[in-house]
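Before any comments, here is the structure.
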Amino acid sequence: MPVAEEVKSSWADEVELEGGSLPPPTEVYENGFKIVTEYAYNEDDKKMKIVRTYKIEKRVVSKSIAFRKTWKKFGECANDKPGPNPATTIVAEDVYMQYITSKEEDNKQEDDALEKLKALGDKNVVKCRTCSGDHWTSKCPWKDTMLAGGKVPDDKKGPAVPSGSDAGKAGGSKYIPPSLRDGAVRKSDNLNMARRDDATAIRITNLSESTTETDLEDLVKPFGPIQKLYLAKDKQAGYCKGFAYIHFKFKNDAAKAISMLNGHGYDHLILTVDWSKPHPN
Amino acid sequence: MKPLLLHGHERAITQIKYNREGDLLFSSSKDNKPNVWYSLNGERLGTFNGHQGAVWCIDVDWTTTRFLSGAGDNTLKVWDCETGKEIGNISTNSSVRTCLFSYSGNMAVYTTDKALKHNCEIFIIDVRNVDESISHADPILRIPIKGSRVSSILWDNLDETIITGHENGDLIKWDLKSGKEISSTREHEHLINDMQWNKDGTMFVTASKDHTAKLFDAADLMLLKTYKTERPVNSAAISPIFEHVVVGGGQDAMDVTTTSARVGKFDSRFFHMVFEEEFGRVKGHFGPINSVAFHPDGKSYSSGGEDGYVRVHNFDSSYFEYNFDY
Chain B
28 MPVAEEVKSS WADEVELEGG SLPPPTEVYE NGFKIVTEYA YNEDDKKMKI
78 VRTYKIEKRV VSKSIAFRKT WKKFGECAND KPGPNPATTI VAEDVYMQYI
128 TSKEEDNKQE DDALEKLKAL GDKNVVKCRT CSGDHWTSKC PWKDTMLAGG
178 KVPDDKKGPA VPSGSDAGKA GGSKYIPPSL RDGAVRKSDN LNMARRDDAT
228 AIRITNLSES TTETDLEDLV KPFGPIQKLY LAKDKQAGYC KGFAYIHFKF
278 KNDAAKAISM LNGHGYDHLI LTVDWSKPHP N
Chain S
205 MKPLLLHGHE RAITQIKYNR EGDLLFSSSK DNKPNVWYSL NGERLGTFNG
255 HQGAVWCIDV DWTTTRFLSG AGDNTLKVWD CETGKEIGNI STNSSVRTCL
305 FSYSGNMAVY TTDKALKHNC EIFIIDVRNV DESISHADPI LRIPIKGSRV
355 SSILWDNLDE TIITGHENGD LIKWDLKSGK EISSTREHEH LINDMQWNKD
405 GTMFVTASKD HTAKLFDAAD LMLLKTYKTE RPVNSAAISP IFEHVVVGGG
455 QDAMDVTTTS ARVGKFDSRF FHMVFEEEFG RVKGHFGPIN SVAFHPDGKS
505 YSSGGEDGYV RVHNFDSSYF EYNFDY
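Top line first, the protein sequences correspond to chains B and S. Residue numbering for the first sequence follows my numbering, beginning at 28 and increasing consecutively. Residue numbering for the second sequence follows my numbering, beginning at 205 and increasing consecutively.
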């Protein structure tokens, strides 16, 4: 693909242009990507900037195919630039091939969704918004006596109203996530939640571009067990963006790491390490 | 997979075809300009401007130098692939419904519709040197069809015979030396929309309005397999690398608004060629699929629909890893 000249414009030019027409579209080629920037007006007459990023791939193909690649465009698209024209070539949304394992399963899919709901038992399906009873709102016996926003006195409430603490036990009308239901291993879950708290998280900044997750792990492992490690990376190129978050299991370890690593020289840079959130003290 | 959506047509796609190497994808639609695209990135190479009516059929020769298109404006045109210039034009008595280069590329066949007191006819023409004179040149062979019209066609047996699919579901094999019928079979009950070869040219798959696609042995037109769906089938293709058949269809365009409101009948359906069992579906079109084609390398396939879009799908790795359980 022929490479267009790089167009560079300073912000001052752009400001000047803003008075009247739209800035000219630009095409920039950098490290394997073609970035096309266009400007247009949207429905509200506001300026829009459209940025399209193309990945440029090189492929080895047979001579005849390579030759055909050099053909000039003709007909309607004789004036198109090299590369796909966004007006005619669109990248569609992701679709997946749905695999069908057997005929029986195929038929099952066709079943009505309502049937499935019914099979779950009618207890949980229908719930009155007025009295929380076991019926549709429109069929509520208190429908006429109730004003909008009014509340049913407790003694008149429908029989299917589980109250307070036994809500979970009855599997009543309110949704309870499986982890909080009776019988779930609640203790460990709660502990986990506490550990995921940001109180044990530290932020490391001023990391060099070449840092990888393994490097980082080696760096912080000596201070104690780690729960989670996140290294910010550039989406396309994959190099480190210069900062990372580490969730320790214990707060003491995190504090130790901060005191040791802050100001520590690492890979020609001096690290800055602190709590990920401002410390309460 | 992220399909490429090719939106170069204003009306329903009638046919799509890859060239031999698969780097170019040709498409025709009921608007009057066939398009050609690079299949890899979906870039449009050009449009063939000159027809006055719906383009029903297209074909490209073995070397990708010439392109054939037949249209509802009663013409068959031969184009130069590289420049998009028209190099030959043949006027017919009625619209051209099918056209195809022979295997050698020396001959081409086209058939005309039964209309305005003109019978359906098969024409074999010489296309070795195409210039203006082709419009006056006599065809090598001309076979008038008495019965139901030809709706699809294939060259067979190294250009010695052709196989035609008819509106009433007949399949007929013709000898080109004598111009006589060799054999015929009637396995379909309705119009045969499309026929496509497998890779080595020993079997072909037909797509019919009678809701089935069928696999035939080319030598004796023996029915081998049947792929059943619940909608008219407009096109079917055989994978060059797996024993898979992709089937595209949907109800007739005129029935879309009056029948089932459910979406999801417009998907490409993948059948196992031997076990006749559907194993996968790909959604995407908003109307019936009119034409499907496998890339010659088997790693992608395209479909063109009544919605005017051509969708180029590159298979995910899951497709290549998929094993049919039996």
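C-beta atoms are modelled at their ideal positions from N, C-alpha and C, and glycine is treated no differently.
Which residues in chain B sit within 8 Å of N253 (chain S), going by Cβ to Cβ distance? Start at 1 with the first residue of the second sequence, and residue 253 (chain S) comes out as number 49. Neighbours of N253 (chain S) on chain B, chain order: G102, E103.
Simplified DSSP assignment, three categories, for K339 (chain S): Reading the second sequence from its first residue, position 135 is the one you call residue 339 (chain S). Reading the sequence as shown, one finds Ser at residue 339 (chain S) and not Lys. Three-state DSSP puts S339 (chain S) in a helix.
So, for G250 (chain S): in the same chain, excluding its five sequence neighbours on each side, which residues have a beta-carbon less than 6 Å away from its beta-carbon? Here residue 250 (chain S) corresponds to residue number 46 of the second sequence, with the count starting at 1. Hits under 6 Å: V240, G288.
Which bits of chain S does S89 (chain B) rub up against, with CB to CB less than 7 Å? To locate residue 89 (chain B), count along the first sequence from 1; it is residue 62. The answer, in chain order, is E225.
Roughly how many whole angstroms lie between the Cα atoms of S339 (chain S) and S299 (chain S)? Taking the second sequence and counting its residues from 1, the one referred to as residue 339 (chain S) is at position 135. Taking the second sequence and counting its residues from 1, the one referred to as residue 299 (chain S) is at position 95. If you take the alpha carbons of S339 (chain S) and S299 (chain S), they lie about 16 Å apart.
To be precise: take each residue of the region 472-504 of chain S, compare its Cβ to all Cβ atoms of chain B, and keep it if any distance is under 8 Å. Which residues remain? F474, E481, E482, F483, G484, R485, V486, K487, G488
Hey, is the region 205-219 of chain S in contact with the region 502-518 of chain S, meaning 3+ C-beta pairs nearer than 8 Å? yes
Taking 8 Å as the cut-off, decide whether the C-beta atoms of F270 (chain B) and T232 (chain B) are in contact. Working through the first sequence from its first residue, we reach residue 270 (chain B) at position 243. Working through the first sequence from its first residue, we reach residue 232 (chain B) at position 205. Closer than 8 Å, so yes.
Neighbour flag for H211 (chain S) against chain B, beta carbons, 8 Å: For the purposes of this step, residue 211 (chain S) is taken as residue 7 along the second sequence, with counting starting at 1. At least one chain B Cβ lies under 8 Å of H211 (chain S).
In or out: I77 (chain B) buried (at least 16 other Cβ within 10 Å) or exposed? Position 50 of the first sequence holds residue 77 (chain B). I77 (chain B) comes out exposed.
Coarse secondary structure for A226 (chain B), derived from DSSP in three states: The residue given as residue 226 (chain B) occupies position 199 in the first sequence. DSSP places A226 (chain B) in helix when its eight states are reduced to three.
Whose Cβ in chain B lies nearer than 7 Å to the Cβ of Y523 (chain S)? What you label residue 523 (chain S) is simply residue 319 of the second sequence in a count that begins at 1. Near Y523 (chain S) (Cβ distances below 7 Å), the residues of chain B are M124.
Between L183 (chain S) and the rest of its own chain, which residues show a CB-CB distance below 7 Å, the 5 nearest in sequence each way excluded? Nothing can be reported for residue 183 (chain S): it is not among the residues displayed for chain S, which extend from 205 to 530.
S231 (chain S) to F474 (chain S) span [Cα, whole Å]: The residue given as residue 231 (chain S) occupies position 27 in the second sequence. The residue given as residue 474 (chain S) occupies position 270 in the second sequence. Using only the alpha carbons, I get a separation of about 22 Å.
So if I threshold CB-CB distances at 9 Å, which residues from the region 240-265 of chain S count as touching chain B? V240, W241, Y242, L244, N245, G246, E247, R248, L249, G250, T251, F252, N253
Just list the residues that DSSP pairs Q400 (chain S) with in beta bridges. Counted from its first residue, the second sequence places residue 400 (chain S) at position 196. S:V409.
In angstroms, rounded to a whole number, what distance separates the CA positions of Q256 (chain S) and L380 (chain S)? Within the second sequence, numbered from 1, the residue matching residue 256 (chain S) stands at position 52. Within the second sequence, numbered from 1, the residue matching residue 380 (chain S) stands at position 176. C-alpha separation (whole angstroms): 31 Å.
Closer than 9 Å, Cβ to Cβ, to anything on chain B: give me those residues from the region 279-302 of chain S, in chain order. C285, E286, T287, G288, K289
Indicate whether the contact test is met: 3 or more Cβ pairs, each with one atom in the region 393-405 of chain S and one in the region 423-431 of chain S, closer than 8 Å. no
Look at T279 (chain S) and I294 (chain S) and say whether their C-beta atoms are less than 8 Å apart. Indexing the second sequence from 1 puts residue 279 (chain S) at position 75. Indexing the second sequence from 1 puts residue 294 (chain S) at position 90. Their beta carbons are under 8 Å apart, which means T279 (chain S) touches I294 (chain S) by this criterion.
L228 (chain S) touches chain B at which residues, Cβ-Cβ below 7 Å? The count along the second sequence starts at 1 and reaches residue 228 (chain S) at position 24. Correct list: R95.
Going by beta-carbon coordinates alone, are I344 (chain S) and D330 (chain S) separated by less than 8 Å? Mapped onto the second sequence, residue 344 (chain S) falls at position 140. Mapped onto the second sequence, residue 330 (chain S) falls at position 126. Yes, these two residues count as a Cβ contact at 8 Å.
Apart from the five residues on each side of it in sequence, which residues of its chain come closer than 8 Å, Cβ to Cβ, to A275 (chain S)? Here residue 275 (chain S) is taken as the residue at index 71 of the second sequence, counted from 1. These residues qualify, in order along the chain: N236, H255, Q256, G257, A258, V259, W260, K281, S299, V300.
Interface partners of A119 (chain B) on chain S, CB under 8 Å: By 1-based counting over the first sequence, the position of residue 119 (chain B) is 92. Residues of chain S passing the Cβ test: K206, P207, L208, L209, G488, R515.
Residues of chain B with CB closer than 8 Å to the CB of T268 (chain S), please, in chain order. Within the second sequence, the letter at position 64 stands for residue 268 (chain S). Result: S91, R95.
Could you have a look at F474 (chain S) and say whether DSSP puts it in helix, strand or coil? Here the question's residue 474 (chain S) lines up with position 270 in the second sequence. It is a strand residue.
Three-state secondary structure (DSSP) of K232 (chain B): For the purposes of this step, residue 232 (chain B) is taken as the residue at position 205 of the first sequence. According to the sequence as given, residue 232 (chain B) is Thr; it is not Lys. If DSSP states are grouped into helix, strand and coil, T232 (chain B) belongs with the strands.
Taking Cβ positions, are R248 (chain S) and N112 (chain B) nearer each other than 8 Å? Position 44 of the second sequence, counted from the first residue, corresponds to residue 248 (chain S). Position 85 of the first sequence, counted from the first residue, corresponds to residue 112 (chain B). Contact flag set, yes.
For V116 (chain B), go through chain S and note every residue whose CB falls closer than 9 Å to its CB, in chain order. Looking up residue 116 (chain B) in the first sequence gives position 89. Here residue 116 (chain B) turns out to be Thr, not Val, going by the sequence shown. Ordered by position in chain S, the residues that pass the 9 Å Cβ test against T116 (chain B) are L208, L209, L210, H211, G212, W241, N245, G246, E247, R248.
Compute the distance between the beta-carbons of S506 (chain S) and L229 (chain S), then report whether it is under 8 Å. Counting from 1 along the second sequence, the entry for residue 506 (chain S) is found at position 302. Counting from 1 along the second sequence, the entry for residue 229 (chain S) is found at position 25. It is a contact, given that the beta carbons lie within the stated cut-off.
Please list the residues of the region 46-67 of chain B that have a C-beta atom closer than 8 Å to any C-beta atom in chain S, keeping them in chain order. none
So, is the C-beta of N106 (chain B) closer than 8 Å to a C-beta in chain S? Taking the first sequence and counting its residues from 1, the one referred to as residue 106 (chain B) is at position 79. For N106 (chain B), the answer is no, since every Cβ of chain S falls outside 8 Å of its Cβ.
Where K237 (chain S) meets chain B, residues with beta-carbon distance less than 9 Å: Numbered from 1 along the second sequence, position 33 holds the residue referred to as residue 237 (chain S). By Cβ distance, chain B contributes G102, E103.
Taking only three categories from DSSP, how would you classify H291 (chain B)? Position 264 of the first sequence holds residue 291 (chain B). Three-state result, H291 (chain B): coil.
Need the endpoints of the alpha helix (DSSP H) that R215 (chain S) sits in, please. Mapped onto the second sequence, residue 215 (chain S) falls at position 11. Per DSSP, R215 (chain S) belongs to no alpha helix (DSSP H) and is neither H nor E.
State the beta-bridge partners of K287 (chain S) as determined by DSSP. Against the second sequence, residue 287 (chain S) aligns to sequence position 83. Note that residue 287 (chain S) is Thr in the sequence shown, not Lys. DSSP lists no partner for T287 (chain S).
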